[in-house]
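*Asks:* Residue numbering for the sequence shown follows the working numbering, starting at 10 and increasing by one per position.
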Amino acid sequence: MVRDGFGWCGLITIAARREEAEDTNYDQESQYTRDNSETLPGGASIKCDYKSDKRRSLTTSLDTYPGYSGNLSGMSGTIEVTPSGLCENDLRVMYNLKGAQPGQLQSGMSAYPGYNGAFTNISGTVTVMRSRGEAGLEVEYNLSGTQSSVLSTGELMEYPGYTGTLRITGTVSVTQKNTTALTVMYDIAGARPNETAGLHVHEGLSCDDARGHYFTGETDSWNAAMYTADALGVARGSFDIDSGFPYSENMGRAFVVHDSSTARAACGILAEQSWGMHIHEGMTCDEAGGHFWTPMSETDPWNNVTYTPDGEGNAIGKFVIESGYPYAENIGHAFVVHGSEGRIGCGVLEVLSYGMHIHTGTTCSDAEQVGGHYFNTSLDPWIPDCMYTPDGEGNAEGECGPISAGYDIEMYTGHAFVVHAAGGTRIGCGVLH
Numbered sequence: 010m011v012r013d014g015f016g017w018c019g020l021i022t023i024a025a026r027r028e029e030a031e032d033t034n035y036d037q038e039s040q041y042t043r044d045n046s047e048t049l050p051g052g053a054s055i056k057c058d059y060k061s062d063k064r065r066s067l068t069t070s071l072d073t074y075p076g077y078s079g080n081l082s083g084m085s086g087t088i089e090v091t092p093s094g095l096c097e098n099d100l101r102v103m104y105n106l107k108g109a110q111p112g113q114l115q116s117g118m119s120a121y122p123g124y125n126g127a128f129t130n131i132s133g134t135v136t137v138m139r140s141r142g143e144a145g146l147e148v149e150y151n152l153s154g155t156q157s158s159v160l161s162t163g164e165l166m167e168y169p170g171y172t173g174t175l176r177i178t179g180t181v182s183v184t185q186k187n188t189t190a191l192t193v194m195y196d197i198a199g200a201r202p203n204e205t206a207g208l209h210v211h212e213g214l215s216c217d218d219a220r221g222h223y224f225t226g227e228t229d230s231w232n233a234a235m236y237t238a239d240a241l242g243v244a245r246g247s248f249d250i251d252s253g254f255p256y257s258e259n260m261g262r263a264f265v266v267h268d269s270s271t272a273r274a275a276c277g278i279l280a281e282q283s284w285g286m287h288i289h290e291g292m293t294c295d296e297a298g299g300h301f302w303t304p305m306s307e308t309d310p311w312n313n314v315t316y317t318p319d320g321e322g323n324a325i326g327k328f329v330i331e332s333g334y335p336y337a338e339n340i341g342h343a344f345v346v347h348g349s350e351g352r353i354g355c356g357v358l359e360v361l362s363y364g365m366h367i368h369t370g371t372t373c374s375d376a377e378q379v380g381g382h383y384f385n386t387s388l389d390p391w392i393p394d395c396m397y398t399p400d401g402e403g404n405a406e407g408e409c410g411p412i413s414a415g416y417d418i419e420m421y422t423g424h425a426f427v428v429h430a431a432g433g434t435r436i437g438c439g440v441l442h
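#1: Are there 16 or more other CB atoms within 10 angstroms of the CB of Cys57, so buried, or fewer, so exposed?
#2: Kindly indicate the opening and closing residues of the beta strand (DSSP E) around Asp196.
#3: Which whole-angstrom value is the C-beta distance of Asn339 and Val137, which I expect to be below 8 Å?
#4: Just how far apart, CA to CA, sit Leu146 and Thr129?
#5: Could you work out which residue in Pro75, Gly83, Glu89 is closest to Gly410 when comparing CA atoms only?
#6: State the DSSP-derived secondary structure class of Ala234, mapped to helix, strand or coil.
#7: Does the beta-carbon of Val102, which I'm using as the reference point, lie nearer than 8 Å to any heavy atom of the ligand GDP?
#8: By a C-beta neighbour count over all protein chains shown, 10 Å radius and 16 as the cutoff for buried, is Gly429 buried or exposed?
#9: Taking Cys294 as the reference, which of Asn323, Glu212, Ala343, Tyr171 has the closest Cα?
#10: Which runs of the beta strand (DSSP E) fall wholly inside the region 377-436 and span at least 3 residues, in chain order?
#11: Under three-state DSSP, which class holds Trp302?
#12: Thinking C-beta only, is Ser283 closer than 9 Å to Thr315?
#13: Tell me whether Asp99 sits in a helix, a strand or coil according to DSSP, three-state version.
#14: Less than 7 Å between C-beta atoms, sequence neighbours within five positions excluded: which residues of the same chain meet that for Ala198?
#15: What residue range is occupied by the uninterrupted beta strand (DSSP E) comprising Thr179?
#16: Would Ala263 and Val210 be called neighbours here (beta carbons separated by less than 9 Å)?
#17: Just checking my contact of Tyr195 with Arg245 at CB under 8 Å: how many whole Å lie between their CB atoms?
#18: CA-CA distance, Asn232 and Ser119?
In structure tokens, the structure reads:
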């Protein structure tokens, strides 16, 4: 016979851990008696007999975790820990939290269904939360393998002071090949048919003052950069060039297209290209649909949202948007990342949950003494068996369990109960009594 935290427990035939049973004969206001035999795998049986005045429970009120001074330092709440079942050491935790970690939605990013272009290795996360201080959503993204950074001239304009007869139009784009090498892509029209001419990045930051070729070293690598127009005066192609300057140094510089007489005929300023990312109507990536917004205004607010990747396709940033839908309405919707080839990445927004646990320490006044999770089993049962899922303001009410931590409930008396936020940050603490 072994004395547990709320009655006498007798084990017949074998020693075995019961699974949680319904407490059908229990009355919180009076004595209760349970006499229940249960057949276990292999034909063994277990019997529990209880006589107790009342089931034991532990409670605590939460205060700010010692040393924590972040923006959740005003959190509060109550915790109650009770036995989860009869004749066992499992626990149930009931919680009521205020001002804890505000709710967050997150999607892991992978290639958009059916997309098989250059950016199928897209990965990373997008996190959505209720915007603080203003209506709307705050979106944070950390992506890799996206559309790599592109510098583009936009539509080429006639070079200032050009007196020739050609009207060269089109676009030129520059991407990073390696540390100092570039890939130049051009699509132009209006050139002199069947003739060859040059095109180059120039030193100047405006077409009015383009200056000379932009290179470093003894040899001007741009002298070999040429295009050849077809019979209609159209030229499309690409080439690699190493000017000696890193990719980022070309941003904002003038790109000049010459005619076959070497005259400067067209020009554009190399600007970083941006791409869209949006919450969509659909609840799956296979059926993402259009942007998720209500027509509060005449224009779709998602059309103004863009990200700008670096030369290796990495993008980190955040933005605030008012889509017209509250935070909770976005749960389960598809988040889509776009690139030059259309929809390249997608993930479904799922609610994040955060941990709460009994710890080894017996104080909440000294962070160094709170310790780690308190359990007496081979694996830590607190992960992921006890989590809370807050609303957009950080409030949460509910229960978790059963938690098989291996101790009688009396053993948790005086131990610290800790509430965590995103990233495992400890934000709240209270001692169980």
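We put the CB at the ideal spot given by N, CA and C, even for glycine.
*Replies:* So, from the listed chains and residues:
#1: Residue placement at Cys57 is poorly supported in this model, since its pLDDT is 42, which falls under 50; the coordinates are not used for a value here.
#2: Start and end: 190-198.
#3: Indeed, because the Cβ distance is near 6 Å, the residues count as touching under 8 Å.
#4: Going by the C-alpha atoms only, they are around 28 Å apart.
#5: Ranking Pro75, Gly83, Glu89 by Cα distance to Gly410 puts Glu89 first.
#6: Under the three-state reduction of DSSP, Ala234 is assigned to coil, being neither helix nor strand.
#7: Only the bare structure without any ligand can be found here, which leaves the ligand GDP out of the picture.
#8: Sequence inspection shows His at residue 429; the Gly mentioned does not correspond to that position. Classification of His429: buried, given that the 10 Å Cβ count is 16 or more.
#9: Of the candidates Asn323, Glu212, Ala343, Tyr171, the one whose C-alpha sits nearest the C-alpha of Cys294 is Ala343.
#10: The qualifying runs are 405-412, 425-429.
#11: Coil, per DSSP.
#12: Taking 9 Å as the Cβ cut-off, Thr315 and Ser283 qualify as a contacting pair.
#13: It is coil, neither helix nor strand.
#14: The residues are Thr178, Gly179, Gly242, Val243.
#15: Correcting the residue identity first, residue 179 is Gly in this sequence and not Thr. 178-185 is the extent of the beta strand (DSSP E) around Gly179.
#16: A contact, by the Cβ cut-off of 9 Å.
#17: Going by Cβ atoms, the distance from Tyr195 to Arg245 rounds to 7 Å, so yes, they are a contact pair.
#18: When rounded, the distance between both Cα atoms is 42 Å.
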